[in-house]
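Let me begin by presenting the structure, written as structure tokens, before commenting on it.
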Amino acid sequence: MEREISPEAPPTRTRLLPRGPNEERKPGDPGGPGAEAEAAEMGTYKCCIFFTRRFAPPDATTPEDVRTLFSRFSGGTPYMGVDELRRYLAATGELDGDGGMDAAERIVDRFLQGRSRTPRFGRPALTVDDFHNFLFSEDLNPPIRQSKVHHDMNAPLSHYFIYTGHNSYLTGNQLSSDCSDAPIIKALQIGVRVIELDMWPNSSKDDIDILHGRTLTAPVSLLKCLTSIKEYAFVASPYPVIITLEDHLTSDLQAKVAKMVLEVFGDILYYPESKHLQEFPSPEALKGRVILSTKPPKEYLEAKGGTMKDRDIEPKFSKGENEESAWGIEVPDIQDELQDANKDDMSYPERGVDEDDEQIVRKNAPLEYKHLITIKAGKPKGSLVDALNSDPEKVRRLSLSEQELAKVAACHGPKIVSFTQRNLLRIYPKGTRFNSSNYNPFLGWVHGAQMVAFNMQGYGRALWLMNGFYKANGGCGYVKKPDFLMQTCPDGKVFDPTADLPVKKTLKVKVYMGDGWQQDFKQTHFDSYSPPDFYAKVGIAGVPSDSVMRKTRVVEDSWVPMWEDGFTFPLTVPEIALLRVEVHEYDVNEDDFGGQTVLPVSELWPGIRTVPLFDHKGMKFKSVKLLMSFEFV
1 MEREISPEAP PTRTRLLPRG PNEERKPGDP GGPGAEAEAA EMGTYKCCIF FTRRFAPPDA
61 TTPEDVRTLF SRFSGGTPYM GVDELRRYLA ATGELDGDGG MDAAERIVDR FLQGRSRTPR
121 FGRPALTVDD FHNFLFSEDL NPPIRQSKVH HDMNAPLSHY FIYTGHNSYL TGNQLSSDCS
181 DAPIIKALQI GVRVIELDMW PNSSKDDIDI LHGRTLTAPV SLLKCLTSIK EYAFVASPYP
241 VIITLEDHLT SDLQAKVAKM VLEVFGDILY YPESKHLQEF PSPEALKGRV ILSTKPPKEY
301 LEAKGGTMKD RDIEPKFSKG ENEESAWGIE VPDIQDELQD ANKDDMSYPE RGVDEDDEQI
361 VRKNAPLEYK HLITIKAGKP KGSLVDALNS DPEKVRRLSL SEQELAKVAA CHGPKIVSFT
421 QRNLLRIYPK GTRFNSSNYN PFLGWVHGAQ MVAFNMQGYG RALWLMNGFY KANGGCGYVK
481 KPDFLMQTCP DGKVFDPTAD LPVKKTLKVK VYMGDGWQQD FKQTHFDSYS PPDFYAKVGI
541 AGVPSDSVMR KTRVVEDSWV PMWEDGFTFP LTVPEIALLR VEVHEYDVNE DDFGGQTVLP
601 VSELWPGIRT VPLFDHKGMK FKSVKLLMSF EFV
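Be aware that the sequence shown starts at 1, since it is given in full-length UniProt numbering, and climbs by one per residue.
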């Protein structure tokens, strides 16, 4: 794809963003005490022992597009008043009823309080520098509509992608890390809605431990996990929390689980009146509720060889594959994964448990335990393909590893899509991901899989995609699947993820500039002898035909890089596409990481916006941000 480079902007000086009226300036803050001395220091680097190199202090210039926009709405005058700013807000879709005038007044007041003089005629108004700083303000000009739930929440659960965790109790790797309720709490605080607990008898066989079975992970008690889930379930979202239970218990301990669950959750625990559901309830109907999902008890059937997950685990780390290196691995292309799976054995081996075995084992399961399970995770007898047959009389949940999904999707993608229109499909990481890394989530999403389970305690590019995807719909943890995944044509055909599709929409992105690294990093973090040489990577994650990454030019020796580079992205499936943004510092040996973010394309706010960046663990930087523009054509 050809990169579009805009003309260089004239060197108009811009002040840094003023703080609010109640924010105190501190030493080191822009414009605060000692700021000039610190800025001068930021431009001086030691070279060898006897020499120093001096660089001009970082200065921001106002992009040409910003000055053009200001002139357009100010009527060509040097000031933009409240009425003109309100017109701009209305044109960019930011006004909400009668609150638009108040919003414009608040913005103007904020910037006037940040400077000592006002226009000569006394009318409250913004200068072009003020307008630039307004556009470059994260709280005033965010990139997505992120505050409210706006999807229809009254459809069955099968109509939604659900923010899902895998082995939610692990603090680190899959083999030897501690088990704790801390990662469960953290997951719930960021909006995760599906928590997985592996239940095993404790050493004395009289209580329940949560741990990754047949590994060296140290256990945590089930009661502690359930208590924390109740306390934090709805701090980030009011919509239902689903607890998926991997059950390795005897019938007496299952009865103990039932009693414990009822005592901890009380009235917020939802379970159906009927034995089988013909349709799942909606997220709206389950607001504020906790529901359980589990497989039939099968510990005795798998006494030899372990579960599919356990058999996949290798007892050592591969070379270079550790927790610290995982973030740098690029997300694999799902087309490559499907092609690789297609080359493998396509015999679809028999599932480990079939319905006949289920019926035998479940006779021993206590009635009170079975009655509490809302989402039953049956595994029908037969091959993987047979497991995707829907039962018109009941709905269920099916779990597949990422490898199993890729194998069946290579030739039977539409069958998976059809299954997920009524039933729930959960995808989990292959067992060899012992460093808690993750796979490409689009492998599940393009086939309608609702529960794409991720190791939330890890980090890396795949997890960046997961967290970015669920910024949609107010960050509530439920994202309604697009209509094309739920529709069946009169001839019975459904969406085929491998089909060639026409372009539906084109996204134009422009990266103007970046700022904030000098506040969040030490002077020599990127380079010991000069300011950083930043470049940005911008691209799309989605279906294979949409997925691409592009790069800006490298801006040398600047803490405030001005790129003004533009890119065009044709999108065939914009409904689930994600915008990827990364900043790196160029180095001869290995480039340094300068920040990243992932944003749902469907939620992007057109216009010039501030895009805050996050570190490789997903924590937002205090100051680092980009000024970008988005346009749909």
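A virtual CB, placed ideally from N, CA and C, is assigned to each residue, including glycine.
query: Does DSSP put S177 in a helix, a strand or coil?; result: coil
query: DSSP three-state call for T68: helix, strand or coil?; result: helix
query: For W109, which of A255, L135, G81 has the nearest alpha-carbon?; result: A small correction: the amino acid at residue 109 is Asp; Trp does not occupy that position in the sequence shown. The candidate whose alpha carbon is nearest that of D109 is G81.
query: Mind pulling the beta strand (DSSP E) runs of 3 or more residues that sit fully within the stretch 100–161?; result: none
query: Could you give the DSSP three-state label for G474: helix, strand or coil?; result: helix
query: Under 9 Å between the Cβ atoms of R609 and P142?; result: yes
query: Going by beta carbon distance, what residues of the same chain come within less than 8 Å of G191, once the five residues before and after it are set aside?; result: Y163, A236, S237, Y470, G475, C476, G477
query: Sort A387, V417, S383, K295 by Cα distance to K376 and report the nearest one.; result: K295
query: Mapping DSSP to helix, strand and coil, what is C47?; result: strand
query: Can you give the Cα-Cα distance for G413 and F419, rounded to whole angstroms?; result: 10 Å
query: For S383 and G448, I'd like the C-alpha separation in whole angstroms.; result: 20 Å
query: Between the C-alpha atoms of V538 and G468, what's the straight-line distance to the nearest angstrom?; result: 14 Å
query: Identify whether F442 lies in helix, strand or coil by the three-state DSSP scheme.; result: helix
query: Measure the alpha-carbon distance for L157 versus M451 and round it to whole angstroms.; result: 11 Å
query: What did DSSP end up calling W605 once you bin it into helix, strand or coil?; result: coil
query: What span of residues does the beta strand (DSSP E) with L398 cover, start to end?; result: 397–401
query: Taking the continuous beta strand (DSSP E) assigned at V509, which residues delimit it?; result: 505–515
query: Check for me: the alpha helix (DSSP H) holding M451 runs from which residue to which?; result: Element bounds for M451: not the alpha helix (DSSP H) but the beta strand (DSSP E), 451–454.
query: Let me confirm a value: M153 is counted as buried when at least 16 other C-beta atoms fall within 10 Å, else exposed. Which label applies?; result: buried
query: For a quick check, are the C-beta atoms of R123 and A103 less than 9 Å apart?; result: no
query: Whole angstroms are fine: how far does the CA of L501 sit from the CA of A187?; result: 36 Å
query: With a cut-off of 8 Å on the beta carbons, I'd call I329 and P544 a contact; round off their distance for me.; result: At roughly 18 Å, the Cβ-Cβ gap does not stay under 8 Å, so I329 and P544 are not in contact.
query: May I ask you to report which of helix, strand or coil DSSP gives I576?; result: helix
query: Decide if the stretch 367–375 is in contact with the stretch 251–258; the criterion is three or more beta carbon pairs, one per stretch, under 8 Å apart.; result: yes
query: Mapping DSSP to helix, strand and coil, what is G594?; result: strand
query: Kindly indicate the opening and closing residues of the alpha helix (DSSP H) around I185.; result: 182–189
query: Do you know whose CA, among Y45, T68, E64, lies nearest P57's CA?; result: Y45
query: How big is the Cα-Cα spacing for F55 and D591?; result: 21 Å
query: Could you name the residues that DSSP lists as bridge partners for F569?; result: L507
query: Exposed or buried, what is Q113 when buried is set at 16 or more other beta-carbons lying within 10 Å of its beta-carbon?; result: exposed
query: Given N173, which residues of its chain have a CB within under 7 Å of its CB, disregarding the five upstream and five downstream residues?; result: E323, F434, N435, S436
query: Counting beta carbon pairs with one atom in the stretch 201–218 and one in the stretch 263–272, are three or more of them shorter than 8 Å?; result: no
query: Under a three-way DSSP split, which group does F73 fall into?; result: helix
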